[in-house]
Amino acid sequence: MPPIAVIDFETTGLSPAAGHRATEIAIVLLEGSRVVGRFQSLMNAGRRIAPFIEEYTGITNEMVQAAPPAADVMTEAARFVQGAPLVAHNASFDQQFWQSELRRVSGRKRPDPVWTSPPSFACTMLLSRRLYPQAGSYRLGALASFHALPDAGRAHRALADAEVAASLLCRIRGDLQERYQVDEAPHDLLVQLQRCQRRSMPKAIAAYFEGLRDHA
DNA sequence: TGCCAGGCCCTCTTTAGGGCCTT
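Each residue of the first sequence is one higher than the last, beginning at 319 in the working numbering.
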């Protein structure tokens, strides 16, 4: 099964369009349910971190000032991912920062397909909304408690959150297998399922695998 | 922690508004 990269950013705020920048990135590389690689680094993007975000993440201005430049870290992160499809919790957030930070790198160098091709993101929050209507809350921490996922360390640090999101993804894949007999849940199937209504999932799964067979 | 953003989803909806989730 091809690898999937589960990613999490810590940032100075909610929107790259508002000038917010990444302060930390972590990536957990999964093959099936097996972790085959981890990447984590603080990064210095030259932005001050507001006190309430320092408290929220535990990442201080001093820590970021001592970190390598954001461009170097993102270059290393892109090489680590090697074009693998990406997964995140509330992926629209991490997708914005992934693309924004990489654009800053590729804008200074010869364009590289790894950086210029927007990867497709699967979202563990959207999938959880469809699969676990009884969960109540779809915050990462709440879903970790709901499923009794292994503790990964301090919440709101990138590697801990990426580890929890990876565990959640494995749980989602396991439940898809149990409920819908999906032996493996490829990334593009996850992307399709996160867009369809719960009652339409069996039909979407069947259509997906019929499509694969027709193209074989 | 939330006023700032943006996407998704629900409903007292669809010619809209508000809550959730991410930092």
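Glycine is no exception: its CB is placed at the ideal position from the N, C-alpha and C atoms.
For I345, which beta-bridge partners are listed by DSSP?
I325, F357
Exposed or buried, what is L332 when buried is set at 16 or more other beta-carbons lying within 10 Å of its beta-carbon?
exposed
How big is the Cα-Cα spacing for L486 and S410?
17 Å
Just verifying my parser: in three-state terms, what is the DSSP assignment at R517?
helix
Beta-carbon gap between V391 and T341 smaller than 8 Å
no
For E380, count neighbouring C-beta atoms within 10 Å of its own C-beta (all shown protein chains included) and say buried if the count is 16 or more, exposed if not.
exposed
Cα-Cα separation between C441 and C514, rounded to whole angstroms:
13 Å
In the DSSP assignment, the alpha helix (DSSP H) including L467 goes from what residue to what residue?
Per DSSP, L467 belongs to no alpha helix (DSSP H) and is neither H nor E.
Per DSSP, what kind of secondary structure is R352 in: helix, strand or coil?
strand
Can you name, in chain order, every residue of its own chain whose Cβ lies under 6 Å from the Cβ of L270, other than the five neighbours on each side?
Residue 270 falls outside the range modelled here, since the chain spans only 319 to 534, and no answer is possible.
Buried or exposed for T434, going by 16 or more other Cβ atoms inside 10 Å?
Only weak support is given to the placement of T434: the predicted model assigns it a pLDDT of 49, under 50, and the question is left unresolved by the model.
Going by C-alpha to C-alpha distance, which of A484, R531, S463 sits closest to P321?
A484
Does the stretch 394 to 403 touch the stretch 470 to 478, meaning 3 or more C-beta pairs lie closer than 8 Å?
no
Quick one: is I371 buried, meaning 16 or more other Cβ sit within 10 Å of its Cβ, or exposed?
buried
Is the distance from the Cβ of P334 to the Cβ of M361 below 8 Å?
no
Within the same chain, show all residues whose beta-carbon is closer than 6 Å to that of T375, passing over the 5 residues directly before and after it, in chain order.
E328, H474
I need the straight-line Cα distance from M443 to G350, nearest angstrom please.
19 Å
By how many angstroms is the C-alpha of A466 removed from the C-alpha of Q414?
29 Å
Count the other CB atoms, across all protein chains shown, that sit within 10 Å of the CB of A460; report buried if there are 16 or more and exposed otherwise.
exposed
Spatial neighbours of N408 within its chain, please: C-beta separation below 6 Å, excluding the five flanking residues on both sides.
M443
Of the listed residues H533, L458, A336, R531, nearest to A406 (C-alpha basis):
L458
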